[in-house]
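A.B. asks: Let me give you the structure first, and then I'll get to my questions.
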Amino acid sequence: MLPTAVVQGGRSAWKGPYFVAFPNLRQALENNIAIKTQARSCTILPNFIGIRFMVHNGKDYVPVTVTQDMVGHKLGEFAITRKRFTYKATKNK
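Take the sequence shown: its letters are residues 1197 to 1289, numbered as in my numbering.
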């Protein structure tokens, strides 16, 4: 597999993109089943388009549906790991 210009981000060209071999990839595409994974550093390949992933964010699994615009990015970029900070009102005021 030859790397493309989109995928070559921070990895050597001779190594190619980093991805995990998902054994049930074809079954997930046919039956619309989500694939649970903790591989946040896996590069999204063009054959992942239309597949739902459940990406682990450190606490639970976040649903991510892969689209054309996501190709070349990492799975972890679409599963947010931090909560939004909110100030709590005090009762004494």
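Glycine residues also receive a C-beta, built at the ideal position from the N, C-alpha and C atoms.
1. Closest to Thr1239 by C-alpha separation, out of Arg1278, Val1262, Thr1282, Ala1285, would be which residue?
2. Buried or exposed for Lys1255, please, with buried defined as at least 16 other CB atoms from any protein chain shown within 10 angstroms of its CB.
3. State the beta-bridge partners of Pro1259 as determined by DSSP.
4. In whole angstroms, give me the CA-to-CA distance for Ala1224 and Ile1245.
5. Hey, how far is the Cα of Tyr1283 from the Cα of Lys1270?
6. Measuring straight from C-alpha to C-alpha, what distance separates Gly1268 and Ala1285?
7. Asp1265 to Val1251, Cα distance in whole Å?
8. Nearest CA to the CA of Lys1236: which residue from Ile1229, Pro1259, Lys1287?
9. Please classify Ile1276 as buried or exposed, where buried requires at least 16 neighbouring CB atoms within 10 angstroms.
C.D. replies: In this structure, then:
1. Locating residue 1239 in the sequence shown gives position 43, where the first residue counts as 1. With distances taken between Cα atoms, Thr1239 lies closest to Val1262.
2. As a first step, residue 1255 must be located in the sequence shown, where it is residue number 59. Lys1255 is classed as exposed because its beta carbon has fewer than 16 other beta carbons within 10 Å across all chains shown.
3. Taking the sequence shown and counting its residues from 1, one reaches residue 1259 at position 63. According to DSSP, which records beta bridges pairwise, Pro1259 is partnered with Met1250.
4. By 1-based counting over the sequence shown, the position of residue 1224 is 28. By 1-based counting over the sequence shown, the position of residue 1245 is 49. Going from the Cα of Ala1224 to the Cα of Ile1245 covers about 11 Å.
5. Indexing the sequence shown from 1 puts residue 1283 at position 87. Indexing the sequence shown from 1 puts residue 1270 at position 74. The alpha-carbon atoms of Tyr1283 and Lys1270 are separated by roughly 32 Å.
6. Your numbering for residue 1268 matches position 72 in the sequence shown. Your numbering for residue 1285 matches position 89 in the sequence shown. Rounded to whole angstroms, Gly1268 to Ala1285 spans 43 Å at the Cα level.
7. Looking up residue 1265 in the sequence shown gives position 69. Looking up residue 1251 in the sequence shown gives position 55. Taking the straight line from one Cα to the other gives about 18 Å.
8. As a working mapping, residue 1236 is identified with position 40 in the sequence shown. The sequence as given places Arg at residue 1236; Lys does not occur at that position. Looking at the Cα atoms, Pro1259 is the closest of the given residues.
9. Position 80 of the sequence shown holds residue 1276. It is exposed - the Cβ of Ile1276 has fewer than 16 other Cβ atoms within 10 Å.
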